[in-house]
Structure formats: structure tokens, C-alpha cells
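Numbering (the working numbering), first residue to last: 6 to 105. Some notes on the structure that comes next.
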């Protein structure tokens, strides 16, 4: 769904609001336009995680490979579920509940 983005919206904000929006966009590694687009469409962009997180995640993956076949299937499933949960909470964008 790569629709052309050729329409403009204009909003008025105070200098303080503009700075806060720009800081939040920067923390998420997004342009102000993309940050506001995601927020308006109900998503909460995630802050860009520090490199150490990805190193830690790689170590968890290595652990899973190292223990494969050496632990019970139930324990392995729990480890995988834990890693998937961490990924979902910290990396994947989540859609906010609609406000009616």
C-alpha cells in the first residue's frame, strides 16, 4: 500500500508543542511528518532502541540455539514466547485503541 503522499494538512501549534513533537519524532527515528501520520492513524511509534538491546537479543537467540534439543519442548516454547513477547513490546509498533 504505497499510496502517493501528495496531500497536505496544516496545523497550528505553539513553539513548545512543535519542539516536543520534533523531539518525540527524533526519539523514534522518524520525520515529524511520519511521526504525526502514525499517531493520527492510531499507532504509537516506538523509541529507537539502543544498540545494546540488539546485542542482548542476539545473545538470547544464541542461547535458544545452544539449548535446542537439550531442554524440554515446553521450556523451549516458553523461551521462544518470552523472546517474542519482548520483541512485540519493544520493537513492533502497536495500534492504540480507538477513541470514540
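No residue lacks a Cβ here, since even glycine has one placed at the ideal position from N, Cα and C.
- Closest in C-alpha terms to residue 59, from the list 16, 92, 24 and 45, comes 92.
- For the pair residue 88 and residue 54, the CB atoms are not nearer than the 8 Å cut-off.
- 29 is the residue among 29, 90 and 14 whose C-alpha sits nearest the C-alpha of residue 21.
- Around residue 73, the same chain offers 81 as residues with beta carbons nearer than 8 Å, after the five sequence neighbours per side are excluded.
- In this structure, the beta-carbon distance from residue 51 to residue 14 does not fall below 8 Å.
- 8 Å or more divides the Cβ of residue 27 from the Cβ of residue 18.
- For a cut-off of 8 Å, the C-beta gap from residue 57 to residue 69 is around 19 Å, too long to register as a contact.
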